[in-house]
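Residue numbers (my numbering), protein chains in the order written: chain A, 60 to 297; chain B, 60 to 297.
2 protein chains.
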Amino acid sequence: MVSPKTIPQYRRLYEVLRKHIMDGVYKEGDLLPSENELCQLYGMTRPTVRQSLSSLANGGYIRKHQGKGSIVHHLPQDIGILSVSGTTSAVGDRNLKTKIIVKPVLKPWPNDFMFPLSELEKESGCIYMERVRLLDDDPIFYDISYIANINLPRITARQFENRSLFQILRDHYRIEIKGGDQRIKAIPASQKISRFLHLKKDQPVLHLERKLETNNPGLFLYSSIFCNTEKYSIFGRF
Amino acid sequence: MVSPKTIPQYRRLYEVLRKHIMDGVYKEGDLLPSENELCQLYGMTRPTVRQSLSSLANGGYIRKHQGKGSIVHHLPQDIGILSVSGTTSAVGDRNLKTKIIVKPVLKPWPNDFMFPLSELEKESGCIYMERVRLLDDDPIFYDISYIANINLPRITARQFENRSLFQILRDHYRIEIKGGDQRIKAIPASQKISRFLHLKKDQPVLHLERKLETNNPGLFLYSSIFCNTEKYSIFGRF
DNA sequence: ATTTTTTACTTGTAAATACAAGTTAAATAA
DNA sequence: TTATTTAACTTGTATTTACAAGTAAAAAAT
């Protein structure tokens, strides 16, 4: 395991406030403490506090209004980095389950992979897995993940049921997701996908192809996600 | 027209660099001038320069690497519809044409509108229009726009062909898009949509419901966009 | 020649300070 | 009472300074 890096102050405050928002300490529409108050409360200077608030605003947790303050915005329900919002009911973590369809296995990369790969990635082979994610026991996502087998000892032996892949990478390998790109399409459901997502064949599904960056340069996480959007929508901010 | 507001320095540099990247002055993989060099070139201090670069990184134009520099990233060439960050849209305007299907008209809001509306919005009625947007002469988007009729004199009389609605709002009313929320679904094409997008009925289309915020608090722009993703993907960053 | 160390870059984090500009409510004047 | 002005907040922009940490290439040692 890797040596623990010191976490920057602005990151710490970001995590604290984010958790408070997610836990309902600050509710939607609430005014966050002013920047100066946060400075006092957490013993930082305004630029540092502002960096935290910028990140929060960027992630859609708050809105900033000059002269007014920072207002808590709707709560994006995270599924990894993907956000989902139901039409009416708010979704909690407890309703989200993960079922493994293909256990993590080491194999060569597919030909014509959806993203270009580096030489190192190609040589290393990829760890492959397929999962279904259920929301309130409805299968919503079919998730095919690929990650280069670089410095990930024993990963295929780990327990993935009901745990986020992100969480495992973070806890055991200190790998954090920093951001990524995605392509989005609407496609007809294949036989396989329709079966797993309880849809009729050729019914529209959302298809996301994503390349996620990690704090380990050169190490990316790829996924191809099929999404049943009949009851839920994918939610985004920009 | 409204008095010209002074544009912040960091915004100016952001626009300059963004334009250079889009115009190919800096190509994919190129290293941008270092922060200190940019300070000298544009006569600003490093925090100001860093604010510009943060915005660029956030919009997916560059990647920053500690110790190395800022590297120009893959251009969100496809359709910058998910990354409206910045004052202008991220699409190369040359290939993008707009055809009006329903000219801007003032009418009451639909019942069961896709987003909740404020009282002021409801009273004001909405300006409604339908447009098809073509990329290389292929119809890709069917765009239904709604905007509350608040302080927008003569807007229904304006020329919308081949001009962005954003551009008109910006030039004539000094309204800028600051960000927004969206919901994404995959749905079967209706008769109407399939006709306009040259698709068969019930073929999958991407459906985006968006609420865009402006610099005028209380004024939002809503749109319902149907998107043919057979040839093009929607591209996004997070 | 090869490896190691140093050096000179790069971006990242953080403080202290100042003023501009938007918002709100209290104080004041009509 | 009502309207206006003022004052006290809020966030936005910008400068200056300092050091930490990552990268890459030159310099030195083997």
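We put the CB at the ideal spot given by N, CA and C, even for glycine.
- Task: In the DSSP assignment, find the unbroken alpha helix (DSSP H) run with Ile246(B) in it and report its ends.
- Result: Careful: Ile246(B) lies outside any alpha helix (DSSP H), inside the beta strand (DSSP E) at Ile236 to Pro247.
- Item | Within 7 angstroms of chain B by C-beta, residues of the stretch 249-268 of chain A in sequence order | If the cut-off is 7 angstroms between Cβ atoms, the stretch 249-268 of chain A has Pro263, Val264 and Leu265 near chain B.
- Report yes or no: is there a C-beta of chain B within less than 8 angstroms of the C-beta of Arg242(A)? Output row for Arg242(A): interface = yes.
- Query: Between which two residues does the alpha helix (DSSP H) carrying Ala116(B) extend?
  - Reply: Boundaries of the alpha helix (DSSP H) around Ala116(B): Arg105 to Asn117.
- Item | Cβ separation of Ser283(A) and Ile203(A), assumed to be a contact under 8 angstroms, to the nearest whole Å | Contact holds; Cβ gap of about 4 angstroms.
- Message: Using a Cβ-Cβ distance cut-off of 8 angstroms, determine whether Gly277(B) contacts chain A.
- Response: Gly277(B) does not count as touching chain A.
- Message: Just to confirm before moving on: does the CB-CB distance between Ser177(B) and Gly128(B) stay below 8 angstroms?
- Response: Contact: no.
- Outcome for Leu256(A) when other beta-carbon atoms lying within 10 angstroms are tallied against a minimum of 16: Classified as buried, Leu256(A) has 16 or more neighbouring CB atoms from the shown chains inside 10 Å of its CB.
- Are the C-beta of Thr215(A) and some C-beta of chain B separated by less than 8 angstroms? Taking Cβ atoms only, chain B never reaches closer than 8 angstroms to Thr215(A), which makes this a no.
- Cβ atoms of Asn275(A) and Asn117(B): under 8 angstroms apart, would you say? No, the Cβ-Cβ distance between Asn117(B) and Asn275(A) is not below 8 angstroms.
- With respect to the beta strand (DSSP E) encompassing Glu189(B), which residues constitute its N-terminal and C-terminal limits? Note, Glu189(B): beta strand (DSSP E), Cys185 to Leu194.
- Listed by chain order, chain A residues near Ile246(B) by CB distance under 7 angstroms: Those are Pro263, listed as they occur along chain A.
- Query: Looking at the C-beta of Phe172(A), does it have a partner C-beta in chain B at a distance below 8 angstroms?
  - Reply: Chain B contact via Cβ: absent.
- Message: If you reduce the DSSP assignment to three classes, tell me which class Leu271(B) lands in.
- Response: The answer is strand: DSSP assigns Leu271(B) an E or B state.
- Query: Terminal residues of the continuous alpha helix (DSSP H) containing Tyr205(B)?
  - Reply: Careful: Tyr205(B) lies outside any alpha helix (DSSP H), inside the beta strand (DSSP E) at Asp197 to Ala207.
- Message: Using the Cβ count rule (16 or more neighbours within 10 Å means buried), how would you classify Arg153(A)?
- Response: A caution first: Arg153(A) carries a pLDDT of 47, below 50, which makes its placement in the model unreliable, though a value can still be read off. Classified as exposed, Arg153(A) has fewer than 16 neighbouring CB atoms from the shown chains inside 10 Å of its CB.
- Query: Per DSSP, what kind of secondary structure is Leu91(B) in: helix, strand or coil?
  - Reply: Coil.
- Message: Determine, for Ser93(A), whether the minimum Cβ-Cβ distance to residues of chain B falls below 8 angstroms.
- Response: Ser93(A) is outside the set of residues whose beta carbon lies under 8 angstroms from a beta carbon in chain B.
- Message: Between the alpha carbons of Val164(B) and Arg213(B), how many angstroms are there, rounded?
- Response: If I take the Cα positions, the gap works out to 11 angstroms.
- Message: Rounded to the nearest angstrom, what separates Glu182(A) and Ile209(A) at their Cα positions?
- Response: Cα to Cα, the separation comes out at about 10 angstroms.
- At a Cβ threshold of 8 angstroms, is Met60(B) touching chain A? Any answer about Met60(B) is weak, because its pLDDT of 38 lies below 50 and its placement is not dependable; what the coordinates show is given next. No, no contact with chain A.
- Return the chain-ordered list of same chain residues with a C-beta closer than 7 angstroms to the C-beta of Gln110(B), the five sequence neighbours on each side being excluded. Taken in chain order, the residues that qualify are Tyr69.
- Query: Can you tell me whether Ile66(A) is buried or exposed, with buried defined as 16 or more other CB within 10 angstroms of its CB?
  - Reply: Classification for Ile66(A): exposed.
- Under 8 angstroms between C-beta atoms, does Phe200(A) make it to chain B? It does not: the Cβ of Phe200(A) has no partner Cβ on chain B nearer than 8 angstroms.
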